[in-house]
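>
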Amino acid sequence: KIVRAWTRKNPGCRFYSCIDRRGANGWVSCKFFDWYDKEEPHGWQHVALLEAEQTIKEQKAEIEGLKIMVRTQTHHSDNAGNSNAVVVRLYLMSLFGIL
Numbered sequence: 001k002i003v004r005a006w007t008r009k010n011p012g013c014r015f016y017s018c019i020d021r022r023g024a025n026g027w028v029s030c031k032f033f034d035w036y037d038k039e040e041p042h043g044w045q046h047v048a049l050l051e052a053e054q055t056i057k058e059q060k061a062e063i064e065g066l067k068i069m070v071r072t073q074t075h076h077s078d079n080a081g082n083s084n085a086v087v088v089r090l091y092l093m094s095l096f097g098i099l
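Residue numbers for the sequence shown follow UniProt numbering, beginning at 1 and rising by one.
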């Protein structure tokens, strides 16, 4: 199968991989590797991919923080505090495109 590398040196570059390379104890090497994309990204492509990767990491961290906030609000709120939890839940739902 073809998968993407997300290393600093090869962000977004595709390579061939064994279909069942993930085993019970983590990653299993099949002793095969070959690039699908023969050219490394360079110039603006390389910079754009690195920036996109950083943006995704920041968004995931923000979402995790909001999830923790929702759990905290839900577990430690009284009737007056429930409205805050509802607002945060609605915000999370809008982030995930549920609304």
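Cβ coordinates follow ideal geometry from the N, Cα and C atoms, glycine included.
#1: Excluding the 5 residues preceding and the 5 following Phe33 in the sequence, name in chain order all residues of the same chain whose CB lies nearer than 7 Å to its CB.
#2: Short of 7 Å in beta carbon distance, which residues of its chain neighbour Glu53, apart from the five on each side in sequence? Order them along the chain.
#3: Answer yes or no: do Lys67 and Leu92 have a C-beta to C-beta separation smaller than 8 Å?
#4: Per DSSP, which one or two residues make a beta bridge with Ile2?
#5: For Cys30, is the classification buried or exposed, using 16 other Cβ atoms within 10 angstroms of its Cβ as the cut-off for buried?
#6: What number of angstroms, rounded off, separates the C-alpha of Gly43 from the C-alpha of Val3?
#7: For Asp34, which beta-bridge partners are listed by DSSP?
Once the coordinates are examined:
#1: For Phe33, where only same-chain residues beyond five positions count, the Cβ hits under 7 Å are Phe15.
#2: Once the five neighbours on either side are set aside, the close Cβ partners of Glu53 are Trp6, Pro11.
#3: Their beta carbons are under 8 Å apart, which means Lys67 touches Leu92 by this criterion.
#4: Paired residues: Tyr16.
#5: Exposed.
#6: Each residue's Cα considered, the two are about 22 Å apart.
#7: In DSSP, Asp34 forms a bridge with Tyr16.
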